[in-house]
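Below is one structure, written out as structure tokens; the observations come after it.
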Amino acid sequence: MVDFNQYYTSKDVSDLLTSFITFDNPKTCLELSAGEGALLHALRKRWTNLHFTTIEIDPINHKVLKDAFPYSTHFCVDATEEYCKILLGNSSFDLAVCNPPFESINTNDNIRFFLESILGDKFVRLKKIRAEMFFLAINLFFLKENGILAIIVPELLIEGIKFRDFRESVFTNNTLQYLIEFKHRSFKKTEAKTYILVIKKGKSDSNYSFHRVKVDSNFKVVKSSTSAIKSLYNISDFGKQLCSNKFLILRGNISGKECKRISEAYIHTTTMSNDLCYVYLPEIEINGNVKKAIAGDIIISRVGTRVLGKTNIVAVGEAVISDCVFCVRFFNSNDRITFLNFWKENRKSWLIKNATGTCAMHITKEKMFKLIESLL
């Protein structure tokens, strides 16, 4: 059986997404990666005469869609290939809904065309991107001006520093109306925290506000507020906040394999000792452009579902650290004790709330920083 890395949308999520769409009497709707049509069923309940155009790579799902919506238009094709663009031609739509694959994909000429058209030339040279970036771009491309896109995305696109420029490109050239946050594990096959973005095609004021909404495990709204759009990409809200005069968080800059090649003294997730124990490293000098742990540092595995959060404390010596671990260095021994006491008692519950990822779970540097800062 072919695996198309599908993340099917539940009825609860579909109904919630549909309820936040702000458009009076839409006539046409596009769905790329349509799956079995859960989003379309929810839309049809609200707008009985809405005409759908679907793109679905899986021939089994394609048949399901044709049977469920016989008077709509359905194509069985890969949305990332140029043939999809040819099929859609000069079409434009009032609405677009999308639950894209949560994965990284290699770019091609077709993908680069949509990235440049919607996001600008900054993203054209990338050889690999998140699929969600492409699906957001192609949906906006085929929307009418003032049309509405409702798309499901993982947390890293909203919270990750790496995607700050992406957010700025999207939200300065279009208008984010709602950012709807789900709890972890709201979608089957992924542990990632997810969001719904409701975007109106077209610019708004330079620092407009959007609605930030949180829903609980029963998909009921528990919190609603407004935020300035620049809070999602303003550089002052990101890198500058990760500075402290009380502690330092280092992440290794090379792989475990490269660590092993450089030095016999290295720390990777596979070389860590028993959890929450002291480790005794060789007292040797390590040179080169590498990150290293020294006596007193706390080593935390930042990635991997089975070893996530595993912790060692360096008693003596030093070692190169891989990019799969954090090295937390406190400048005051009392602060180190405060953190360790919290970590021993609350680590499991903290990880459940704060670890992120679509497949392998991981801890972000930003969240670890915020935790430690809150304790001191």
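At position 254 of the sequence shown (counting the first as 1) the number is 254 in the UniProt record's numbering, and the numbers step up by one without a gap. Idealized CB from N, CA, C, for every residue including glycine.
Let's see if you can read the secondary structure: which residues bound the alpha helix (DSSP H) around residue i?
i	result
residue 64	59 to 68
residue 228	Looking at the DSSP string, residue 228 is not in any alpha helix (DSSP H); the run it does join, the beta strand (DSSP E), is 221 to 228.
residue 11	11 to 19
residue 280	Counting along the chain, residue 280 falls outside any alpha helix (DSSP H), though it belongs to the beta strand (DSSP E) covering 277 to 280.
residue 106	Counting along the chain, residue 106 falls outside any alpha helix (DSSP H), though it belongs to the beta strand (DSSP E) covering 104 to 106.
residue 71	It is not in any alpha helix (DSSP H) - residue 71 carries neither H nor E in the DSSP assignment.
residue 135	131 to 142
residue 395	Residue 395 lies beyond the stretch modelled for the chain, which goes from 1 to 376, so this question has no answer here.
residue 117	109 to 119
From the DSSP secondary-structure annotation, give me the bridge partner or partners of residue i.
i	result
residue 154	194
residue 325	301
residue 98	32 and 151
residue 293	319
residue 51	28
residue 251	326
residue 313	278 and 298
residue 362	303 and 356
Look at residue i and residue j and say whether their C-beta atoms are less than 8 Å apart.
i	j	result
residue 133	residue 171	no
residue 233	residue 125	no
residue 75	residue 55	yes
residue 308	residue 372	no
residue 320	residue 259	yes
residue 323	residue 376	no
residue 119	residue 72	no
residue 67	residue 42	no
residue 198	residue 150	yes
residue 279	residue 312	yes
residue 154	residue 107	no
residue 275	residue 220	no
residue 123	residue 115	yes
residue 104	residue 127	no
residue 20	residue 152	no
residue 52	residue 84	no
residue 9	residue 50	no
residue 269	residue 304	yes
residue 203	residue 146	no
Taking the beta strand (DSSP E) that residue i belongs to, which residues open and close that run?
i	result
residue 214	209 to 215
residue 181	175 to 181
residue 376	Neither: residue 376 is in no beta strand (DSSP E) and is coded neither H nor E.
Run through DSSP, which three-state label would residue i get?
i	result
residue 77	coil
residue 126	coil
residue 380	With the chain represented from 1 up to 376, any question about residue 380 goes unanswered, as that position is not in the structure.
residue 263	coil
residue 240	Low local confidence applies: a pLDDT of 46 at residue 240 is under 50, so the model's placement there is unreliable, with the coordinate-based value given in what follows. It is helical.
residue 162	helix
residue 203	coil
residue 170	helix
residue 233	coil
residue 308	coil
residue 93	strand
residue 334	helix
residue 56	coil
residue 145	strand
residue 258	helix
residue 45	helix
residue 367	helix
residue 342	helix
residue 348	helix
residue 284	coil
residue 372	helix
Is the segment 315 to 331 in contact with the segment 292 to 300, if contact means three or more CB pairs nearer than 8 Å?
For the pair of segments examined, the segment 315 to 331 was found to touch the segment 292 to 300: the number of CB pairs separated by less than 8 Å reaches three.
Quick test of the definition: if touching needs 3 or more C-beta pairs under 8 Å, does the segment 259 to 273 touch the segment 241 to 251?
The segment 259 to 273, when compared against the segment 241 to 251, does not touch it at the 8 Å Cβ threshold.
With contact counted as at least three CB pairs below 8 Å, one residue from each stretch, are the segment 138 to 150 and the segment 83 to 98 in contact?
yes
Would you say the segment 21 to 34 touches the segment 97 to 105, given that touching needs at least three Cβ pairs under 8 Å?
yes
Would you call the segment 224 to 232 and the segment 353 to 372 in contact, with 3 or more CB pairs under 8 Å?
They do not touch, by the three-pair rule.
Segment contact, 8 Å Cβ cut-off, at least three pairs: the segment 172 to 183 with the segment 203 to 222
yes
Assess contact between the segment 283 to 299 and the segment 249 to 259, defined as three or more Cβ pairs (one per stretch) separated by less than 8 Å. Is contact present?
yes
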